[in-house]
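S.K.:
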Amino acid sequence: MAAWPTAQQTMTTDSSSIPVGVDGEAAELDTPLEFTICPRALRLLQPKRNEPVDRQFSLRW
20 MAAWPTAQQT MTTDSSSIPV GVDGEAAELD TPLEFTICPR ALRLLQPKRN
70 EPVDRQFSLR W
């Protein structure tokens, strides 16, 4: 895995499109691909520590 500390990244290829996976779905996107980091753009909610967790829906990575 490689890491590039940046706020924006553009990915170019020799072809006009590239196969990708988006949320687990196969897709094809036109190139160049442009990525932008938006700090604090995602808000996560989590239960309080003392609330029981329903193990049926817990994820195991």
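In case it helps, our numbering puts the sequence shown at residues 20 to 80.
All C-beta atoms, glycine included, are put in the ideal place defined by N, C-alpha and C.
Every value quoted in this text rests on a predicted model; they were computed, and no experiment measured them.
(1) Give me the residue from Gln27, Ala21, Trp23 with the minimum Cα distance to Glu53.
(2) Touching or not, the region 55 to 69 and the region 29 to 40, by the rule of three or more beta carbon pairs under 8 angstroms?
(3) Quick one: is the Cβ of Pro24 within less than 7 angstroms of any heavy atom of the ligand PLP?
(4) Inspect the beta-carbon positions of Pro51 and Thr25 and report whether they are closer than 8 angstroms.
M.R.: Per the coordinate set shown:
(1) When each option's Cα is compared against that of Glu53, the closest is Gln27.
(2) In short, these stretches do not touch, since the Cβ pair count stays below three.
(3) As presented, the structure is devoid of all ligands, the ligand PLP included, so that no description of it is given.
(4) No, Cβ-Cβ distance for Pro51 and Thr25 is not below 8 angstroms.
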